[in-house]
Structure formats: structure tokens, C-alpha cells
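Just so you know, we're using the working numbering here: the sequence shown kicks off at 66 and counts up by one.
Note that the Cβ used here is the ideal one computed from N, Cα and C, for glycine as well.
Note that the structure is a prediction, hence the values are computed from the model and not measured.
First the structure, in the form of C-alpha cells, and then the observations on it.
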Amino acid sequence: MRGRWIIGVAALMVLAVAATGCVRVEMPGGTFTESNESVTLEGATKVNARINMGAGKLDIASADTDLMKAHFGYSDAGWEPEVSYDVSGSTGELSVGTPSRLRVDFAKDFRYEWTIGLTPDVPLDLAVNMGAGEATLDLAGLDIRELQVDVGAGDTTVDLTGDWKHDLTGDINTGAGALKLRVPENVGVRIVGYKDGLGEYRADGFMQDGDALVNPAYEDATVKFDLVLRRGVGEVVIEMVP
């Protein structure tokens, strides 16, 4: 199973890097290395978090942490992610990124895996940019106010279930690959862009409202998600969860 995933990522990386020009990719087959990183709020009461991954497997979820705790695994020591954090006034700026000069040659045992836990205790604006691979964003429980997701190629899951007490605006863009979006049934959800791209689009329980899709709760809901969803090629599944 992992071998098929590695081959798939390698193929997708060609597409993603060609499209973005962001990362030079030449993958050496080195020794698998693991590292941990923790970041504290340092007095911030709001955080802008930017996660930029060239290619690999990315998992983001809520965690019991002051701001961020992360576990990274990579096939070469030179691939260790770059983490920075600064506070200006009451706002923190968190950045986690692939090294700008990452070199990859498509080795058989290529692995690049990030598991990132973020605090649910402060408001977050979260931006995720991924060239290619598999992204699982389990954002239930996080206090996200604005969400930006850009994935060049690969399978993406965005889970927005949970108990939300505020509105959310989001922009989700995928180039090629499957997208699964999970939303709570009791929150008003409006999605624009469902006509974009090629491939099956399933949104059971949603209704067309002009150029948008809305769920039954949208009109009277006190908490609303206003989302823009664009895809190039691939299946989209939107699931309402009780």
C-alpha cells in the first residue's frame, strides 16, 4: 500500500512542480529521519498560520498544545521543515514550510510526512498550500475564522465538523485529485464554485441557490460557513454530518 502511495506521489509531484515552479525536486534516498517541534503562543491572542508543503503526506488536527506541536518524518536530513514564529502586538505569525532548496530524485523509499497539531484555544486564520500528495485536515474543534486551502495534485480531506460558535469563510482549491469536505448539519453552509472543473460532484442534501449550493440550515442558521470551492479534475464529495 505504501509503495503505491509513494509512486503516486512521485507522479503527482511532476505535475505540481511543473505547475507551480515553487520547489526544485530531486529526491535522494537517504536515511529516514524524525523530529519534533513545539511552538508557544508568547502572549498572542490570535494567530495566522501558514503551512506550505511541497509534496508528501500532511495531517493537521486540533491538539492539546500551547500553539503547535508537530512530528516530522523525512527521507533525508536536508528535508527538515523550516518553522518560524513571530508576534506583533497580539497577533502571532506561524510558518511551517518545505526547505526552499529541497532536492529530490524519486528514490524508491521516498517519504515526507508531517503531523501538525494546533491549539483550539485562540482564533486562527489558517492557510495550507500543498504541491502534491495526501492532505487530511481534521479541523473540528479548532477556532478557525478564515481558511485557505490550495492543493496542486492528490487526495484532500477537509473536516469542518464539530461545535462551531462563529462564522467561517473559506477558499478551497484543488488541481487534480479527489476532495472530500465534511460539514456539520446544524451550521448554515453555502458553497460557490460547484460548477467548476471536471469529475463527479456529490453534495447530498444540498439545494441549488443561484450559482451556489446551500444546505437546509443556511437561511435561519446563527452560524454560517461561506465557502468557495474550485477544482480542476477529480471527484468532489460534500458530506453533512449530524
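Shown here for E300: same chain residues with a beta carbon closer than 7 Å to its own, the five before and five after excluded, namely A243, G264 and E265 in chain order. About 6 Å separates the beta carbons of T184 and D131, which is inside the 8 Å limit, making them a contact pair. The count of Cβ pairs closer than 8 Å, one atom from the segment 154-161 and one from the segment 112-120, reaches three, so the stretches are in contact. The beta carbon of D215 lies closer than 6 Å to those of N194 and N238 in the same chain, with the five residues before and after it left out.
Ranking V254, F137 and D190 by CA distance to the CA of R176 puts F137 first. In the three-state scheme derived from DSSP, where H, G and I count as helix and E and B as strand, W179 is classed as strand. Distances from the alpha-carbon of N101 to those of T180, D236 and L278 put T180 closest. Membership of L294 in the beta strand (DSSP E) is indicated by the continuous run K289 to V298. CA-to-CA, the gap between G258 and A277 works out to about 7 Å. In the displayed model, G275 falls within coil according to three-state DSSP, outside both helix and strand. Taken atom to atom, the span from the alpha-carbon of N251 to that of M272 is near 15 Å.
According to DSSP, S160 shares a beta bridge with R115 and S149. A contact is defined here as three or more CB-CB pairs under 8 Å, and the segment 225-237 meets this definition with respect to the segment 283-297. Within the same chain, G240, A241 and G262 come within 6 Å of G297 by CB-CB distance, once the 5 residues on both sides are set aside. For the beta strand (DSSP E) assignment, the uninterrupted runs of no fewer than 3 residues enclosed by the segment 189-258 are, from N- to C-terminal side, 189-203, 209-224, 233-241, 244-249 and 253-257. V248 sits buried, since 16 or more C-beta atoms from the chains shown fall within 10 Å of its C-beta. DSSP, read as helix, strand or coil, puts G154 in coil.
G157 places its beta carbon less than 8 Å from that of Y150.
Taken in chain order, the unbroken stretches of beta strand (DSSP E) that lie wholly in the segment 119-145 and span 3 residues or more are 133-139. Beta-bridge annotation (DSSP): N101 is paired with H136. Contact between G182 and G206 fails: their C-beta atoms lie close to 11 Å from each other, not under 8 Å. In the DSSP assignment, the residues bridged to E304 are R247.
Nearest Cα to L106 within the set A218, S155 and D208: S155. Take L191, set aside five residues on each side of it, and the residues of its chain with a beta-carbon closer than 6 Å to its own are A114, I209 and L212, in chain order.
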